[in-house]
Amino acid sequence: MVRNLLRPNKRNNTTVKKGTWSGEEDQKLIAYIRRYGIWNWTHMPKPAGLARTGKSCRLRWMNYLRPNIRHGNITKEEEDMIIESHRLLGNKWAAIAARLPGRTDNEIKNYWNTHLKKRVGNGNKLPNSFASDIKAKPSLPTIDTPKSEPDSGSQNVIPTMPANSFCTSYGVHGDDKTSENSCYSPCSVIEEEESLWEQFLALRDLEIAENFGGTYMHSGATDPALVCMEKEFLHHSGSCEEFIMDLW
DNA sequence: AACATCTACAACCGCTATAAC
DNA sequence: TGTTATAGCGGTTGTAGATGT
Numbered sequence: 001m002v003r004n005l006l007r008p009n010k011r012n013n014t015t016v017k018k019g020t021w022s023g024e025e026d027q028k029l030i031a032y033i034r035r036y037g038i039w040n041w042t043h044m045p046k047p048a049g050l051a052r053t054g055k056s057c058r059l060r061w062m063n064y065l066r067p068n069i070r071h072g073n074i075t076k077e078e079e080d081m082i083i084e085s086h087r088l089l090g091n092k093w094a095a096i097a098a099r100l101p102g103r104t105d106n107e108i109k110n111y112w113n114t115h116l117k118k119r120v121g122n123g124n125k126l127p128n129s130f131a132s133d134i135k136a137k138p139s140l141p142t143i144d145t146p147k148s149e150p151d152s153g154s155q156n157v158i159p160t161m162p163a164n165s166f167c168t169s170y171g172v173h174g175d176d177k178t179s180e181n182s183c184y185s186p187c188s189v190i191e192e193e194e195s196l197w198e199q200f201l202a203l204r205d206l207e208i209a210e211n212f213g214g215t216y217m218h219s220g221a222t223d224p225a226l227v228c229m230e231k232e233f234l235h236h237s238g239s240c241e242e243f244i245m246d247l248w
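Those letters in the first sequence? Residues 1 to 248, per UniProt numbering, in order.
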């Protein structure tokens, strides 16, 4: 029994898939973000070839697919940090996650509810007023995380940008395969070679380029792939053929 | 072997905050 | 200033796999 439902979306008359993400869906999302970056979660699923809501895509990316996510057992040190942070902050999972590099709020929340809640209980929680005081003070010392501060110098920086300012071929994943993080990560598996879906996206770029001057040029396209290609082509001095070659 | 129960965690839902218009 | 769209957060649910009977 897999949570794998299809629900019609009344708003745009499409069918939205729910439930567990398949490997193919992961691959599509990673390939799309790898190529185009994160520009708008709501409008991303369609051009990415996903029958998911933007919200679902965001959650999947943030909690599972994003680079530098640590999967696997929580260490003793991390557990201590969770307990201590929870004592200070209460159920502020995002704030707690910010103190634990590579861990997501969802993971910490699950870990707390399944492993620590009974053991630690709520007895050590400080009053809410204290927790909100801490929240209001961004100077609270925290451990750097990819979420709050993308690691500089690395290519594992996900571009986030408004839809109208985006550009193609942003590097989402680094080439560093010597990472000490040996935990399973769908990202690292797919990183090994260009995915089929990524190749498809590249072919689509080519198709778009071939149609410049015609259909796409004045289509008012909103798909960033088209918008950006359009901009790039307009600024390209060479022929269409040269433009295509430059893309590779 | 078959079924029931438990555990861990991925994913969904509803709400709030923020930004843009 | 009000409205709408989007992102993010925390609570909760549902499922897969493990374990017990």
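Just so you know, even glycine gets a beta-carbon here, dropped at the ideal spot from N, CA and C.
Just so it is clear, the structure is predicted and the values come from calculations on it, not from any experiment.
Residue i - DSSP class collapsed to helix/strand/coil
i      : result
Ile69  : coil
Lys55  : helix
Lys46  : helix
Lys18  : coil
Trp197 : helix
Trp61  : helix
Residue burial classification, residue i (beta-carbon count within 10 angstroms, cutoff 16)
i           : result
Asp26       : buried
His86       : buried
Gly72       : exposed
Asn110      : exposed
Asn68       : buried
residue 293 : No information on residue 293 is available, as it lies outside the stretch 1 to 248 that the chain covers here.
Ile143      : Low local confidence applies: a pLDDT of 35 at Ile143 is under 50, so the model's placement there is unreliable, with the coordinate-based value given in what follows. Exposed: under 16 other Cβ atoms inside 10 Å.
Glu192      : Residue confidence is low: Glu192 scores 47 on pLDDT, short of 50, so the model does not pin down where it sits. Its coordinate-derived value is still stated next. Looking at its Cβ environment, which holds fewer than 16 other Cβ atoms inside 10 Å, Glu192 is exposed.
Gly19       : exposed
Glu107      : buried
Glu149      : Residue confidence is low: Glu149 scores 35 on pLDDT, short of 50, so the model does not pin down where it sits. Its coordinate-derived value is still stated next. Classification of Glu149: exposed, given that the 10 Å Cβ count is below 16.
Thr104      : buried
Nearest residue (CA-CA) to residue i, options the options
i      : options                          : result
Cys57  : Pro67, Asn68, Thr42 and Arg70    : Thr42
Gln199 : Tyr64, Arg34, Asn113 and Val16   : Arg34
Arg119 : Glu79, Val16, Pro47 and Ala97    : Glu79
Ala202 : Trp21, Lys28, Trp93 and Glu24    : Lys28
Leu116 : Asn63, Gly54 and Ile82           : Ile82
Arg60  : Trp197, Pro47, Gly102 and Ile30  : Ile30
Gly23  : Arg70, Leu50 and Gly54           : Leu50
Gly90  : Trp112, Trp197, Pro101 and Val16 : Trp112
Gly102 : Thr114, Lys92 and Leu65          : Leu65
Lys55  : Ile74, Lys17 and Lys92           : Lys17
Thr114 : Trp197, Ile74, Thr53 and Gly37   : Ile74
Trp21  : Thr53, Ile38 and Asn40           : Thr53
Heavy atom of the ligand MN within 8 angstroms of residue i beta-carbon
i      : result
Asn113 : Only the bare structure without any ligand can be found here, which leaves the ligand MN out of the picture.
Where the alpha helix (DSSP H) through residue i begins and ends
i     : result
Ile30 : Gly23 to Tyr36
| task | Give, in chain order, every unbroken run of the alpha helix (DSSP H) that is at least 4 residues long and sits entirely within the UniProt domain "Myb-like" (66-116). | result | Listed in chain order, they are 76-89, 93-97 and 105-111.
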